[in-house]
Every structure is written in C-alpha cells, then in structure tokens.
Amino acid sequence: MLDQPLPAEQSTQEEVSSEEEDEEMPEDTEELDHYEMKEEEPVEGKKAEDDGIGKENLAILEKIKKNQRQDYLNGAVSGSVQATDRLMKELRDIYRSASFKGGNYAVELMNDSLYDWNVKLLKVDEDSALHSDLQILKEKEGADFILLNFTFKDNFPFDPPFVRVVSPVLSGGYVLGGGAICMELLTKQGWSSAYSVESVIMQISATLVKGKARVQFGANKVRGGRVSSLPSFLPSFLPSKSLYLPIHPSALIYQSQFPSF
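Under UniProt numbering, think of the first position of the sequence shown as 1, with each following residue one higher.
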C-alpha cells in the first residue's frame, strides 16, 4: 500500500509524512524478513533431521517427543535434558544408518522409554558357529536373533550403557552369568562419550563371534532382573588385557578410533 501513489487532493503534509514512512520502510521490512526467516529455520532444520528416516520410524520419534511434552506438563519428567537430547540423536542416526536399514539389527524402545532399549542382533558372521546355532534355534523356537538390553543412565553419554544378553542363553563370547557382557568399552575406564550406540552394537556382535559364543540349547532364558554392575568384578574375571577387543574405526561415528588397550 505504501508503494502506491497518493491521490492528488491529499495535502502536502500528508506527502511529507508518506515520504518519511517510505524512508523508514526498508529497515522495517528487513527486520520483518529477519524474523520470518527465524520462524522458518526450525522447519528446514527438522526436514534435514528427518532425511533418510522411514515414515514408521519418524512416527516413533514424534511419539517420543509428544510423550516428553506430556510428561513435562504433568511434572513427571524422567532422565536429564543432556541424556535425552543425545539419545534422540543416537536414535535418529540409527534410523538413517545403512546397517540398520540393511537388517543387521533392530531397535525397540521398552515402554517408549529412551533410556531402555531392546536390540536384536539379526545378523552375525555367517562362517561362525554362532550363526549355525542361531539357524538351529530358528528351527526349534522360531527365533534366529540375539536379544540385547541397553539401559542408559541420566548422565549418558559420560557413563556407558549397561548391556546384557536377554536371550538366548550364551556361553563364551565374554558373556557372564546373567547375561552381562564383559567388554572394557562398557566400563567407565574404557568408555568415551564420543562412542555412538550403533558402534557399540556392532562391536558387541563382533565380540560374540570373536569370543566363540555358543547358544546353550535347553537352558533357561535370562530373567528380567538386573545383574550386578560389571566394573565391580571385571578385574577378577579378566586376568589379561589380551582379552580386550578394540573396536573397528569404521564403526565409530563421533571419533576415528577407540583408545588402544
């Protein structure tokens, strides 16, 4: 409207006033555009975050955020902002990763909680005895995967997740009684906040094969109870650092390699 010519019958005073408004308009318009761009940035950022993620998994992420908002309104917030933000990022990275899409593993949040994951190892080295055992297990019980449980604390990623094998019952592969996995990278001494959850999943899969894990057919499945903290008995269980298995650098997202042990 300000760019349109004023009617000829308007007073000179109105023309002067109009000219002053015209001079001020560019600055106001610039500020308005600036604020409009600020409003659009989250939408563009959200689109970038969602790239490469399937609709089903996007729905899961939206449900998590909705539940978080509801918990906040109800005053029932669990976990920490730091851990929640990192776990949301980890889950997004997993949903868009080639290993996840390729069916190497699957992830399920227990009770929609970011702090309690069930992870299915769907593929292990086909030349391993463990792979053969899983094929037999499929014939007997209809399941050919290894079910892991990841529990995250409020101070994640500065403390490692607690990981255990839920089923089937395994021997060897550095799996202890109750399903706890004996790996230095899962201890406070061996852990780094730079490690991604996917890199840990893939390393556990490799460690089970390297350690010659075998399925104990007919054994009772691990119950839902928690196992004692791994670091407390790690030194007595591992007499030599030669049992520690370094992670492959290509599996890491946040840094190039694990520290040498």
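Using N, Cα and C, we set each Cβ at its ideal position, and we do this for glycine too.
Every value quoted in this text rests on a predicted model; they were computed, and no experiment measured them.
So, with DSSP's three-state summary, where would you put residue i?
i: Tyr195; result: coil
i: Glu108; result: strand
i: Lys210; result: helix
i: Lys153; result: coil
i: Arg223; result: For Arg223, the predicted model reports a pLDDT of 44, less than 50, meaning its position is unreliable and no value from the coordinates is stated.
i: Ile94; result: helix
i: Leu121; result: strand
i: Ser167; result: strand
i: Leu134; result: helix
i: Asp85; result: helix
i: Val77; result: coil
i: Ala180; result: strand
i: Ile53; result: coil
i: Pro61; result: Note on residue identity: the sequence assigns Leu, not Pro, to residue 61. In this structure, Leu61 counts as helix in the three-state DSSP scheme.
Please classify residue i as buried or exposed, where buried requires at least 16 other C-beta atoms within 10 Å of its C-beta.
i: Ala143; result: exposed
i: Glu90; result: buried
i: Glu126; result: exposed
i: Asn57; result: buried
i: Gln203; result: buried
i: Arg69; result: exposed
i: Ser132; result: exposed
i: Ile94; result: buried
i: Ile136; result: exposed
i: Gly177; result: exposed
i: Leu73; result: exposed
i: Gly179; result: buried
i: Lys66; result: exposed
When you compare the CB positions of residue i and residue j, do they come within less than 8 angstroms of one another, or not?
i: Val119; j: Leu148; result: yes
i: Ser80; j: Glu198; result: no
i: residue 264; j: Arg92; result: With the chain covering 1 to 261 only, the question about residue 264 has no answer from this structure.
i: Tyr105; j: Thr151; result: no
i: Asp112; j: Ile64; result: yes
Leaving out five residues on either side along the sequence, give the residues of the same chain with a beta carbon under 7 angstroms from the beta carbon of residue i.
i: Val175; result: Val165, Ile181 and Ala213
i: residue 269; result: Only positions 1 to 261 of the chain appear in the structure, and residue 269 is not among them; the question remains open.
i: Arg223; result: Low confidence applies here, because Arg223 scores a pLDDT of 44, under 50, leaving its location unreliable and the question unanswered by this model.
Tell me which same chain residues have a C-beta within less than 6 angstroms of the C-beta of residue i, skipping the five on either side of it?
i: Ala83; result: Asp154 and Phe156
i: Ile146; result: Leu121
i: residue 268; result: Since the first residue of the chain shown is 1 and the last is 261, residue 268 is not available in this structure.
i: Glu108; result: Asn118
Grab me the residues of residue i's own chain with a C-beta within less than 8 angstroms of its C-beta, minus the 5 sequence neighbours each way, in chain order.
i: Ser97; result: Glu198
i: Asp71; result: Val77 and Ser78
Check whether the segment 201-221 touches the segment 162-175, taking contact to mean three or more Cβ pairs, one atom from each stretch, closer than 8 angstroms.
yes
Taking 8 angstroms as the threshold, find out whether the segment 148-160 comes into contact with the segment 190-205 through three or more Cβ pairs.
yes
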